[in-house]
Every structure is written in structure tokens, then in C-alpha cells.
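Asks: Dropping the structure in here first, questions after.
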Amino acid sequence: MKTFIAAALAALIVATGAQAASVTVTMHQTSAAGIGPILGTVVFQDTARGLRIAPNLSGLSEGEHGFHVHEHPSCNHKEKDGKHVPGLAAGGHFDPANTGKHLGPDGDGHLGDLPVLYAAADGTATRESYAARLKTSDLAGRSIMIHAGGDTYSDTPAPLGGGGARAACGVVVY
Ligand SMILES: [Cu+2]
Ligand SMILES: [Zn+2]
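For the sequence shown, the numbering used here assigns the number 582 to the initial residue and increments by one for each residue that follows.
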């Protein structure tokens, strides 16, 4: 009987693990008025290389975009200095170790620093990437943010990779 219970428990853990191995996040445009239209999805999946990131997005501006896990599960605007700032309710970059440093996906700063997102001339982003330090379980209760500009993987010359405004956002729903 003990063996049976142990086996059943092991099966349950495997099943739960399999369920959490992939999560699909719906991304919305962000604006000063709140949450805008859907731009597509990003699928995150646990692999031997780390977190696989598979975007299927449209409606972005051509070029590189800063791409991060932010700490709060909200994509709402928030007031700052008397202005409504798009996506500000998502908070800062996910940084559970409190490093206070933006160093990109391969650095030892914010755990939420993802590889830069590339949008083609037609505004679509479908190029996959990997974030070696992350697992899908790290994304629970967070949000995914796409910035208007690129990402230098550094706090200089501009803080947080210099991506600027928050252009699109999705809450991770497990
Ligand atoms: Cu960000
Ligand atoms: Zn960062």
C-alpha cells in the first residue's frame, strides 16, 4: 500500500510538472487609457536550454524591442507626476534576488531580463529565443512587457536597457 501511495504521488507530481511546462501569454497594446487591443501571444516553455520564448505577435514597430518579465500581474496604466503612464502598474523588472541591475538574459542582474524581441518590417515578431536562467514557474503572478525601443542589456547610457515606453504587455495567467 505504501508503495502504491508513493507511486501515485510521484505520478501526480509528474502530471503537475507537465502542466506547468508551458504557458501562453496574451499580449495587449498598452496606452495611457489602459489596456488596448490584442497583438498576439507569447508561448513560454521549459526546455533543457532553459525557457523557450516563442512569440506570435503583430502590430509592433519594426526593429528591436526591450522584452522583460515585470514584477506585478497588471498591465494597467498608472499615474505618475500627474500623467497616466502606459503599463506602469506592472512595476519594475522581476528581480527576486534584489540585484538592482539590468544586465540582460545572460547577466547576473534582473532575472526577468529576456533576450531582445525582433519585429520585422511588417510589424510581426515570430523569432524564438531562450532565457537560460528562467523557468515557467518563475512567471507565475508576473507580467510580460515589450518596450518601444531596444535593449542594451545595461543600465548605461540609459537605465533598464534604454527601451523607454511600455508598448505592449500581458499578464501571466497560470
Ligand atoms: Cu521592461
Ligand atoms: Zn532588467
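Don't be surprised by glycine CBs; every beta carbon is placed ideally from N, CA and C.
These numbers come from a predicted model, not from an experiment.
For the alpha helix (DSSP H) containing Ser-718, name the first residue and the last one.
Replies: Position 137 of the sequence shown, counted from the start, is the residue given in the question as residue 718. Its alpha helix (DSSP H) spans residues 717-720.
Asks: Let me know the secondary structure DSSP gives Asn-670 once reduced to three states.
Replies: For the purposes of this step, residue 670 is taken as residue 89 along the sequence shown, with counting starting at 1. The amino acid occupying residue 670 in the given sequence is Ala; Asn does not appear at that position. Reduced to three states, the DSSP call for Ala-670 is helix.
Asks: So, helix, strand or coil for Gly-647, using DSSP?
Replies: To locate residue 647, count along the sequence shown from 1; it is residue 66. Coil, per DSSP.
Asks: Can you tell me which of the three DSSP states Leu-641 falls into?
Replies: The residue given as residue 641 occupies position 60 in the sequence shown. In this structure, Leu-641 counts as coil in the three-state DSSP scheme.
Asks: Using the three-state DSSP reduction, which class does Pro-618 fall into: helix, strand or coil?
Replies: Numbered from its first residue, the sequence shown carries residue 618 at position 37. Pro-618 falls in the strand class under three-state DSSP.
Asks: Going along the chain, which residues of its own chain have a beta-carbon closer than 6 Å to the beta-carbon of Asp-732, five neighbours each way excluded?
Replies: Translated into positions along the sequence shown, residue 732 becomes position 151. Closer than 6 Å at the Cβ level, and outside the excluded window around Asp-732, lie Gly-647, Val-697, Gly-742 and Gly-744.
Asks: Quick one: what's got a C-beta closer than 6 Å to Tyr-755's C-beta in the same chain, skipping five residues either side?
Replies: What you label residue 755 is simply residue 174 of the sequence shown in a count that begins at 1. Cβ neighbours of Tyr-755 beyond the five flanking positions: Ala-721.
Asks: Indicate the three-state DSSP secondary structure (helix, strand or coil) for Ala-596 in the structure shown.
Replies: Sequence index remark: in the sequence shown, residue 596 carries index 15 (1-based). Any answer about Ala-596 is weak, because its pLDDT of 42 lies below 50 and its placement is not dependable; what the coordinates show is given next. Helix.
Asks: Specify, as a first and last residue, the run of the beta strand (DSSP E) that Val-606 falls within.
Replies: Counting from 1 along the sequence shown, the entry for residue 606 is found at position 25. Counting along the chain, the beta strand (DSSP E) containing Val-606 begins and ends at 603-612.
Asks: Using a Cβ-Cβ cutoff of less than 7 Å, which residues in the same chain neighbour Lys-716 once the five nearest sequence positions on both sides are dropped?
Replies: Taking the sequence shown and counting its residues from 1, the one referred to as residue 716 is at position 135. Excluding sequence neighbours, Lys-716 sits near Asp-627 and Leu-632.
Asks: For Cys-656 versus Thr-622, is the C-beta spacing smaller than 8 Å?
Replies: Translated into the one-based positions of the sequence shown, residue 656 becomes position 75. Translated into the one-based positions of the sequence shown, residue 622 becomes position 41. No, Cβ-Cβ distance for Cys-656 and Thr-622 is not below 8 Å.
Asks: For Gly-531, is the classification buried or exposed, using 16 other Cβ atoms within 10 angstroms of its Cβ as the cut-off for buried?
Replies: No answer is possible for residue 531: it lies beyond the span of the chain, which begins at 582 and ends at 755.
Asks: Can you round the beta-carbon distance between Tyr-734 and Glu-645 to whole angstroms, since I take them to be within the 8 Å contact cut?
Replies: By 1-based counting over the sequence shown, the position of residue 734 is 153. By 1-based counting over the sequence shown, the position of residue 645 is 64. No, Tyr-734 and Glu-645 are not in contact; Cβ-Cβ is about 11 Å, not under 8 Å.
Asks: Please name the residue in Ala-749, Ala-701 and Thr-680 whose C-alpha comes closest to that of Glu-643.
Replies: As a working note, residue 643 is residue 62 in the sequence shown. The option with the nearest alpha carbon to Glu-643 is Ala-701.
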